[in-house]
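Q: What follows is a structure written as structure tokens; I'll ask about it next.
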Amino acid sequence: SHLPSSGGSPQSSPAAAAMAEDSGGGGEIAPEGGQGGQERTNTRWHEHDWNRILAGEGTADKYLNRGGLIRKDRLAALAPPEHHPETQVLRTFDDFLVALRELGGERGASAEVEFVLKKAHSSNAHGMKFLTGADARLLFWEETPMALRLVALTAGAGAFAAVLLGMGSWRRPSRAASGLLPALVASSAAVLVAHVIWTKRWVSSTQKATAPRDAEFRAVLPGHEAAAAVVAAAAAPGGGEADAKQEVWVLQRHIKPWLHEGHKFHLRVLFLCVGDLRAFVHENVRMCVATEAWEGGRQDGSRSAALVTNMGVNQQWNGYDASVQNLSLDALGSARAASVLSEVARVLGETLQRVRAAGRRQFFTLPNCWELFGADFLVEGGSGRVVLLEINPAPSLTSFAQSWGMVEDGGTELRRALLGPDPLGGALPFGWREVEVDPRRAPSPWAK
Numbered sequence: 416s417h418l419p420s421s422g423g424s425p426q427s428s429p430a431a432a433a434m435a436e437d438s439g440g441g442g443e444i445a446p447e448g449g450q451g452g453q454e455r456t457n458t459r460w461h462e463h464d465w466n467r468i469l470a471g472e473g474t475a476d477k478y479l480n481r482g483g484l485i486r487k488d489r490l491a492a493l494a495p496p497e498h499h500p501e502t503q504v505l506r507t508f509d510d511f512l513v514a515l516r517e518l519g520g521e522r523g524a525s526a527e528v529e530f531v532l533k534k535a536h537s538s539n540a541h542g543m544k545f546l547t548g549a550d551a552r553l554l555f556w557e558e559t560p561m562a563l564r565l566v567a568l569t570a571g572a573g574a575f576a577a578v579l580l581g582m583g584s585w586r587r588p589s590r591a592a593s594g595l596l597p598a599l600v601a602s603s604a605a606v607l608v609a610h611v612i613w614t615k616r617w618v619s620s621t622q623k624a625t626a627p628r629d630a631e632f633r634a635v636l637p638g639h640e641a642a643a644a645v646v647a648a649a650a651a652p653g654g655g656e657a658d659a660k661q662e663v664w665v666l667q668r669h670i671k672p673w674l675h676e677g678h679k680f681h682l683r684v685l686f687l688c689v690g691d692l693r694a695f696v697h698e699n700v701r702m703c704v705a706t707e708a709w710e711g712g713r714q715d716g717s718r719s720a721a722l723v724t725n726m727g728v729n730q731q732w733n734g735y736d737a738s739v740q741n742l743s744l745d746a747l748g749s750a751r752a753a754s755v756l757s758e759v760a761r762v763l764g765e766t767l768q769r770v771r772a773a774g775r776r777q778f779f780t781l782p783n784c785w786e787l788f789g790a791d792f793l794v795e796g797g798s799g800r801v802v803l804l805e806i807n808p809a810p811s812l813t814s815f816a817q818s819w820g821m822v823e824d825g826g827t828e829l830r831r832a833l834l835g836p837d838p839l840g841g842a843l844p845f846g847w848r849e850v851e852v853d854p855r856r857a858p859s860p861w862a863k
């Protein structure tokens, strides 16, 4: 029968062992949890006997390798670029500053949230941090040595003074030349005094909110020396490679969200891959809405209740109300909902095609495997563009249980109602829409 294969102590084949790391965090990213007390409802990657699965004996409710889908650092390189946030991959605080510079954080002028930092191998919004343009500018300013700051400010002020002096004395060049040195000295002194006053008053008052956030980034992102020590420990003979493994992060440009009654939201889409390879999306798409209004977090990267839309996180905050924060896609209106779902299916189909084309180290499909994923999308404000944020393994079904009026009992009955007795061997229950996985598909209207 087509049931998930499991055993007491499964042994991995050489092929499975070689790909365990690529599959995502040693074969598995932690399943989503913390959402209404959901229990684990499927088999973990390491619980399958991959020797038997590769030999075609039995089936599995996981794929051998799907790192190109579920790892954010991999997905960023493989998803359609016009439907995925601009992304930089990093491991250290130094990398973070470089990534921020690459995304324009050093020259950004907006006071609104512009960047988001996420762990590449985690779901549930764990470790997620937001930055405004002001946060980014202040980070770069504080990382600039004092001497360079003063040189830059003095040179700029001196050049400006020289231009003004020259404009006022163009009829008498000799007088302009003789007055240039005193003007430079006076302007430089003025800049020094102004900088001291500005640093003590304006920056110190601004840093009351931003300095603790800077400390947060330094706490979670190791410095260059610490990162080098981790690499050295991993490379040492017999040297605790797994324990010394560095955390991987992604820094992404924050997408300005489409709002629902003034609140940010994301879409949770159930995404089913079957065999080698068919794919489906479920028509019951949930809108996960932030607890606080977007306006409260638009210029404040620390206001998680307005910025984070993950259902499990929002359930922990006072004021959470599932009746207005766990909505059907139809809340956008039937016409827009139909358009969004069609675009979601198209984007996922193109993503699958691109990930498969990258090879089995990104997605290793087998005819006797299937897997259910949770794909998260954002609708861009103004344009209505659909943006794929991430794809999660072992998705929580709590939001869907609530929408169907089912009691969450660990998910067994819900999974059977959703997937049927066997996704590999029979027709799926009502509500699934097949996704076209075809490299000959028409290009995205958003492609440049």
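Under my numbering, the first residue of the sequence shown is numbered 416, with each subsequent residue one higher.
Where a beta carbon is used, it is the ideal one built from N, C-alpha and C, also for glycine.
1) Check whether the Cβ atoms of Ala-705 and Lys-671 lie closer than 8 Å to each other.
2) Mind the definition here: the segment 519-537 touches the segment 691-698 only if three or more C-beta pairs lie below 8 Å; say whether that holds.
3) Spatial neighbours of Pro-844 within its chain, please: CB distance less than 6 Å, with the 5 preceding and 5 following residues excluded, ordered by chain position.
4) Between the C-alpha atoms of Asn-729 and Ala-549, what's the straight-line distance to the nearest angstrom?
5) Classify Asn-733 as buried or exposed, calling it buried when 16 or more other Cβ atoms lie within 10 Å of its own Cβ.
6) Could you give the C-beta distance for His-675 and Phe-545, rounded to a whole number, given that I count them as a contact under 8 Å?
7) Looking at Trp-460: is its Cβ nearer than 8 Å to the Cβ of Lys-477?
8) Only counting the same chain, and skipping five residues up and downstream in sequence, which positions put a Cβ closer than 6 Å to that of Thr-766?
9) Return the residue from the list Arg-848, Glu-707, Phe-530, Val-689 that minimises the CA-CA distance to Gln-740.
10) Looking at the structure shown, is Trp-673 part of a helix, part of a strand, or coil, going by DSSP?
11) Any idea what DSSP makes of Trp-732, helix, strand or coil?
12) Quick one: grab the DSSP three-state call for Val-850.
13) Looking at the structure shown, is Thr-827 part of a helix, part of a strand, or coil, going by DSSP?
14) Would Val-684 and Gly-764 be called neighbours here (beta carbons separated by less than 8 Å)?
15) Taking 8 Å as the threshold, find out whether the segment 500-512 comes into contact with the segment 777-786 through three or more Cβ pairs.
16) Taking the alpha carbon of Ala-492 as the point to measure from, which residue in Ala-772, His-463, Thr-780, Ser-798 has its own alpha carbon closest?
17) Please report the distance separating the alpha-carbon of Ala-752 from that of Gly-789.
18) Enumerated in chain order, which unbroken segments of the alpha helix (DSSP H) with a length of 4 residues or greater are wholly contained in the segment 469-500?
19) Name the one or two DSSP bridge partners that Ala-790 has.
A: The short version:
1) no
2) no
3) Gly-835
4) 26 Å
5) exposed
6) Not quite, the Cβ-Cβ distance comes to about 19 Å (not below 8 Å), so this is no contact.
7) yes
8) Ala-494
9) Glu-707
10) coil
11) coil
12) strand
13) helix
14) no
15) no
16) Ala-772
17) 18 Å
18) 482-485, 487-493
19) Val-684, Ile-806
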